[in-house]
């Protein structure tokens with residue numbers, strides 16, 4: 003019914019004609035060119051705002067993460083919804099929006115990612131790690147190595163999940179910048195982590211930050227590095243891009 007501006011651009015670059023129900027037309031054949039832009043007749047502003055936010059809602063963003071972590075894989079609505087742990091309707095709505103923006107392709111029920119970098123940057127521009135609830139503490143661990151050892155022991159002892167992110171996660175995947183703050187997503191009650199890691203709550207000057215995730219999708223495809231867990235590279239990138247202290251540089 004409606005071809006977005008990005009979709010129109012892609013069609014033109016590929017030499018593909020189009021007509022949508024709002025009046026946008028682009029047809030080129032032989033020596034004939036027909037082009038019309040239906041300004042002011044597209045979907046309503048409210049609907050546009052809702053549509054632009056839809057891929058980034060907690061459950062919907064799981065679809066983005068799954069696609070970006072498996073860029074070579076081809077999906078059906080069923081397999082994609084199962085992998086992302088969302089219902090099929092969510093998978094359909096999100097992929098339709100991504101198709102409009104030409105990030106993915108759909109052919110005979112097969113869904114494939116065709117512009118991973120562009121989708122990753124699009125998500126990063128619309129994401130903020132501060133969407134997560136953050137609790138800040140002073141740590142009695144003298145070094146990051148000591149903190150990692152404690153983290154390993156506690157997660158085994160208590161069988162509770164976590165994933166390091168931002169610079170403390172990035173330094174294990176691709177060391178680049180020095181850092182002093184440790185950020186980790188946690189499952190379970192923060193009080194348990196506070197006690198087991200011997201953390202002291204502070205308002206300012208803390209170096210350990212427990213992140214209660216906006217959605218458990220942040221744990222998808224987490225990676226084990228040096229005996230501790232780090233978020234997947236996709237999550238690491240979008241977290242870093244929105245982090246003010248040399249985050250974009252590390253990303």
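In the working numbering, the protein residues as written are 3 to 253. Even glycine gets a Cβ: it sits at the ideal position worked out from N, Cα and C.
- Selection 34, 68 and 37 evaluated against residue 237 yields 68 as nearest (Cα-Cα).
- In this structure, the CA atom of residue 112 is about 49 angstroms from the CA atom of residue 203.
- Collapsing the DSSP output to three states places residue 38 in a strand.
- Around the Cβ of residue 18, a 10 Å sphere holds fewer than 16 other Cβ atoms; the residue is exposed.
- Two segments are said to touch when three or more pairs of C-beta atoms, one from each, lie closer than 8 angstroms; by this definition the region 92 to 105 touches the region 62 to 79.
- Judged by DSSP in its simplified three-state form, residue 173 adopts helix.
- Residue 227 and residue 21 have their alpha carbons spaced roughly 50 angstroms apart.
- The Cβ atoms of residue 186 and residue 165 sit closer than 8 angstroms to each other.
- Relative to residue 129, the option among 58, 106, 36 and 190 whose CA is nearest is 58.
- A distance below 7 angstroms between beta-carbons, with the five flanking residues on each side excluded, links residue 85 to the following residues of its chain, in chain order: 68.
- The DSSP-derived three-state label of residue 222 is coil.
- Below 8 angstroms, too few C-beta pairs join the region 110 to 126 and the region 140 to 151 to call them touching: fewer than three.
- Nearest in C-alpha terms to residue 181, of all of 242, 206, 88 and 27, is 242.
- The Cβ neighbour count for residue 161, taken over all protein chains shown within 10 Å, is under 16; the residue is labelled exposed.
- If you ignore the 5 residues before and after residue 13, its C-beta comes within less than 6 angstroms of the C-beta of 20, all in its own chain and listed in chain order.
- Residue range 63 to 71 is occupied by the alpha helix (DSSP H) that includes residue 65.
- Secondary structure at residue 215: coil, using DSSP grouped into helix, strand and coil.
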